[in-house]
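*Asks:*
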Amino acid sequence: KMATTQNITAVNGAFYKFSDEIKKDIYAYTAAFIDSDGYITMDKSFNPRVGLVATGDRGKAFMIEMHKSLGCGRLHLDQKVGENSRSQHRLNFYSQGDIETILNKCLPHLRMKKAQGNLLLEAIRIKQNYKKED
Numbered sequence: 448k449m450a451t452t453q454n455i456t457a458v459n460g461a462f463y464k465f466s467d468e469i470k471k472d473i474y475a476y477t478a479a480f481i482d483s484d485g486y487i488t489m490d491k492s493f494n495p496r497v498g499l500v501a502t503g504d505r506g507k508a509f510m511i512e513m514h515k516s517l518g519c520g521r522l523h524l525d526q527k528v529g530e531n532s533r534s535q536h537r538l539n540f541y542s543q544g545d546i547e548t549i550l551n552k553c554l555p556h557l558r559m560k561k562a563q564g565n566l567l568l569e570a571i572r573i574k575q576n577y578k579k580e581d
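The sequence shown runs 448 to 581 under the working numbering.
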């Protein structure tokens with residue numbers, strides 16, 4: 448009970464504290480996460496996708512806290528990748544509204560994937576303006 452009042456996340460008996468400094472500018476932290484361990488892409492049906500990936504218990508705690516702090520996205524925890532590897536945790540953004548919100552707020556902080564973010568936002572704008580077109 449005390450851990451929840453202090454904003455501490457418990458994962459498999461271990462406790463993780465998400466720094467208040469990170470929460471002050473959550474979008475800068477999210478942009479850094481996207482640049483390093485995330486992706487900005489489109490699937491083969493031309494649907495936009497943005498996601499964050501982390502491994503291990505600490506990564507799981509971070510994904511849970513990021514999901515709470517951002518207030519959007521879908522959380523996929525404890526995914527097994529390969530044999531005898533650590534579990535993988537993802538925070539994915541599928542809806543165009545969520546992606547627009549995340550990218551518009553993270554774009555000033557993106558460094559390596561800024562061009563991909565701009566292209567994806569432009570693709571969403573085109574898709575919304577020409578819904579009835581092929």
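Yeah, the Cβ is synthetic: ideal placement off N, Cα and C, and Gly gets one too.
#1: What is the residue span of the alpha helix (DSSP H) that Gly506 lies within?
#2: Thinking C-beta only, is Cys519 closer than 8 Å to Asn540?
#3: Taking C-beta to C-beta, are Ile573 and Pro495 nearer than 8 Å?
#4: At the level of alpha carbons, what is the spacing between Asp484 and Leu538?
#5: The alpha helix (DSSP H) with Gly520 in it runs from where to where?
#6: Nearest to Asn551 by CA position, among Tyr486, Met513 and Glu569, is which residue?
#7: Would you list the residues sitting across from Tyr486 in a DSSP beta bridge?
#8: So the candidates are Ser532, Ala475 and Asn459; which of them puts its Cα closest to the Cα of Lys561?
#9: Exposed or buried, what is Lys529 when buried is set at 16 or more other beta-carbons lying within 10 Å of its beta-carbon?
#10: Leu567 and Met489: beta carbons closer than 8 Å?
#11: Quick one: grab the DSSP three-state call for Lys471.
#12: Does Gly506 pass the burial test, meaning 16 or more other C-beta atoms within 10 Å, or should it be called exposed?
#13: Would you report the Cα separation of Ala479 and Lys578, rounded to the nearest angstrom?
*Replies:* Walking through what the data contain:
#1: Mapped onto the sequence shown, residue 506 falls at position 59. Counting along the chain, the alpha helix (DSSP H) containing Gly506 begins and ends at Gly503 to Leu517.
#2: As a position in the sequence shown, residue 540 is number 93, starting the count at 1. As a position in the sequence shown, residue 519 is number 72, starting the count at 1. At residue 540 the sequence reads Phe, which differs from the Asn that was named. In this structure, Cys519 lies closer than 8 Å to Phe540 by Cβ.
#3: As a position in the sequence shown, residue 573 is number 126, starting the count at 1. As a position in the sequence shown, residue 495 is number 48, starting the count at 1. Their beta carbons are not under 8 Å apart, which means Ile573 does not touch Pro495 by this criterion.
#4: Position 37 of the sequence shown holds residue 484. Position 91 of the sequence shown holds residue 538. Each residue's alpha carbon lies about 11 Å from the other.
#5: Position 73 of the sequence shown, counted from the first residue, corresponds to residue 520. Gly520 -> no alpha helix (DSSP H), and no H or E assigned at all.
#6: Within the sequence shown, numbered from 1, the residue matching residue 551 stands at position 104. The candidate whose alpha carbon is nearest that of Asn551 is Glu569.
#7: By 1-based counting over the sequence shown, the position of residue 486 is 39. Answer by DSSP bridge pairing, in chain order: Gly498.
#8: As a position in the sequence shown, residue 561 is number 114, starting the count at 1. Among Ser532, Ala475 and Asn459, the Cα nearest to that of Lys561 is on Ala475.
#9: Residue numbering aside, residue 529 sits at position 82 when the sequence shown is read from its first letter. In the sequence on display, residue 529 carries Gly and not Lys. When all chains shown are included, Gly529 counts as exposed.
#10: Your numbering for residue 567 matches position 120 in the sequence shown. Your numbering for residue 489 matches position 42 in the sequence shown. Cβ distance < 8 Å, so Leu567 and Met489 count as in contact.
#11: Start at 1 with the first residue of the sequence shown, and residue 471 comes out as number 24. In this structure, Lys471 counts as helix in the three-state DSSP scheme.
#12: Looking up residue 506 in the sequence shown gives position 59. Buried, because 16 or more other Cβ atoms sit within 10 Å of the Cβ of Gly506.
#13: Walking along the sequence shown from the start, residue 479 turns up at place 32. Walking along the sequence shown from the start, residue 578 turns up at place 131. Going from the Cα of Ala479 to the Cα of Lys578 covers about 32 Å.
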